[in-house]
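Q:
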Amino acid sequence: MPLVLAALVYGVMLIWHLGATAVSTRLQEQVVPVADFMAKIAEGRIPRVPGTAVFLTRTQRDAPPVMVWHLKHNRALHERLFVLTVSTEPKPWVTPSDRLAVEEIAPDFWRASARYGFMERPDIPALLRDAHERGCTIDLSDITYYVGHETVTPRDDAKALPRWVEAMFALMQRNSTHLTDYFKLPSDAVVEIGRQISI
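Under our numbering, the first residue of the sequence shown carries the number 1430, and numbering increases by one thereafter.
#1: Quick check: the segment 1450–1461 against the segment 1491–1511, are there 3 or more CB pairs under 8 Å?
#2: With C-beta atoms as the reference, is I1628 less than 8 Å away from A1451?
#3: From the DSSP output, read off the bridge partner residues of Q1489.
#4: Are V1460 and I1572 touching if we call contact CB-CB under 8 Å?
#5: For K1375, which residues in the same chain have their Cβ closer than 6 Å to its Cβ, ignoring the five residues on either side in sequence?
#6: Along the chain, where does the beta strand (DSSP E) that runs through W1539 open and close?
#7: Going straight from the alpha carbon of W1539 to that of L1434, what length do you get?
#8: With DSSP collapsed to three states, give me the class of G1473.
#9: Given a cut-off of 8 Å on the beta-carbon distance, is the pair R1544 and D1527 in contact?
#10: Would you call the CB atoms of D1559 and L1529 closer than 8 Å?
#11: Tell me, please, which residues DSSP counts as bridged to H1578.
#12: Nearest to F1598 by CA position, among H1607, T1580, D1586 and L1608, is which residue?
#13: I need the boundaries of the beta strand (DSSP E) containing T1517, first residue and last residue.
#14: Need the endpoints of the beta strand (DSSP E) that I1534 sits in, please.
#15: For A1449, which option in L1600, E1562 and L1513 has the closest C-alpha, if you only look at C-alpha atoms?
#16: Are M1467 and A1535 closer than 8 Å when you measure CB to CB?
#17: Please classify T1481: is it buried, with 16 or more other beta-carbons within 10 angstroms of its beta-carbon, or exposed?
#18: How close, in whole Å, do the beta carbons of V1512 and A1541 come, if the pair is a contact with beta carbons under 8 Å?
#19: Skipping 5 residues on each side, what residues in its chain have a beta carbon closer than 6 Å to that of E1518?
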């Protein structure tokens, strides 16, 4: 019985890992170079509204899909942009000095990565206060958080996951902890952008 239970737990963890990796890979295919993104804003004379927009994303570079989709549908952008990727390290704790890395990749446009141990609970508002103390001039009094809400669908090509793996991952994702709660985001300042991801 212990071996059966261990095998079930391992299977669930493996399916989650395969699905999360497939989603991240698909999102990485949809990023837009920052230079192209900023040029599009300038050419289209996109209105810039006061405040800071914080985009939570799995992508590791450039302008993430959630930001591109926000611009496409709302045709406006905040004056200050902060793109954040949160990763969980294979150790229980990460020292505060190693937690956050921030880079200004364009005027008033920052890209940051945050590292947490698997025993830690991310606190994004506290992380932003830390970034502000390090010289990042985001407006802490006026922040809107943008998160992508992915709906997983089957992919019809050679790179697709087995259909049963995709179905199991989709079920697990629907029942997972909501990002707003997990990252301790203020619920009245969060905008979810729905999208379909084929894996």
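Don't be surprised by glycine CBs; every beta carbon is placed ideally from N, CA and C.
Note that the structure is predicted; figures quoted are calculated from it, not measured.
A: For this structure:
#1: yes
#2: Mapped onto the sequence shown, residue 1628 falls at position 199. Mapped onto the sequence shown, residue 1451 falls at position 22. For I1628 and A1451, yes; Cβs fall inside 8 Å.
#3: Locating residue 1489 in the sequence shown gives position 60, counting from the first residue. Answer by DSSP bridge pairing: none, since Q1489 is not bridged.
#4: Start at 1 with the first residue of the sequence shown, and residue 1460 comes out as number 31. Start at 1 with the first residue of the sequence shown, and residue 1572 comes out as number 143. Taking 8 Å as the Cβ cut-off, V1460 and I1572 do not qualify as a contacting pair.
#5: No answer is possible for residue 1375: it lies beyond the span of the chain, which begins at 1430 and ends at 1628.
#6: By one-based count along the sequence shown, residue 1539 stands at place 110. F1538 to G1546 is the extent of the beta strand (DSSP E) around W1539.
#7: Here residue 1539 is taken as the residue at index 110 of the sequence shown, counted from 1. Here residue 1434 is taken as the residue at index 5 of the sequence shown, counted from 1. Answer to the nearest angstrom: the Cα atoms are 45 Å apart.
#8: Working through the sequence shown from its first residue, we reach residue 1473 at position 44. G1473: coil per DSSP, three-state reduction.
#9: Counting from one through the sequence shown, the residue named residue 1544 turns up at place 115. Counting from one through the sequence shown, the residue named residue 1527 turns up at place 98. Going by C-beta atoms, R1544 is nearer than 8 Å to D1527.
#10: Locating residue 1559 in the sequence shown gives position 130, where the first residue counts as 1. Locating residue 1529 in the sequence shown gives position 100, where the first residue counts as 1. Contact: yes.
#11: Here the question's residue 1578 lines up with position 149 in the sequence shown. Note: H1578 sits in a beta bridge opposite G1623.
#12: One-based indexing of the sequence shown puts residue 1598 at position 169. When only C-alpha atoms are compared, the closest one is T1580.
#13: By 1-based counting over the sequence shown, the position of residue 1517 is 88. Counting along the chain, the beta strand (DSSP E) containing T1517 begins and ends at L1506 to E1518.
#14: Taking the sequence shown and counting its residues from 1, the one referred to as residue 1534 is at position 105. Element bounds for I1534: L1529 to A1535.
#15: Here the question's residue 1449 lines up with position 20 in the sequence shown. Answer by Cα proximity: L1600.
#16: If you number the sequence shown from 1, residue 1467 lands on position 38. If you number the sequence shown from 1, residue 1535 lands on position 106. Yes, they are a contact pair.
#17: If you number the sequence shown from 1, residue 1481 lands on position 52. T1481 is buried by the Cβ-count criterion.
#18: As a first step, residue 1512 must be located in the sequence shown, where it is residue number 83. As a first step, residue 1541 must be located in the sequence shown, where it is residue number 112. That belief holds up - the Cβ atoms of V1512 and A1541 are roughly 7 Å apart, short of 8 Å.
#19: Start at 1 with the first residue of the sequence shown, and residue 1518 comes out as number 89. Contacts found: R1544 and G1546.
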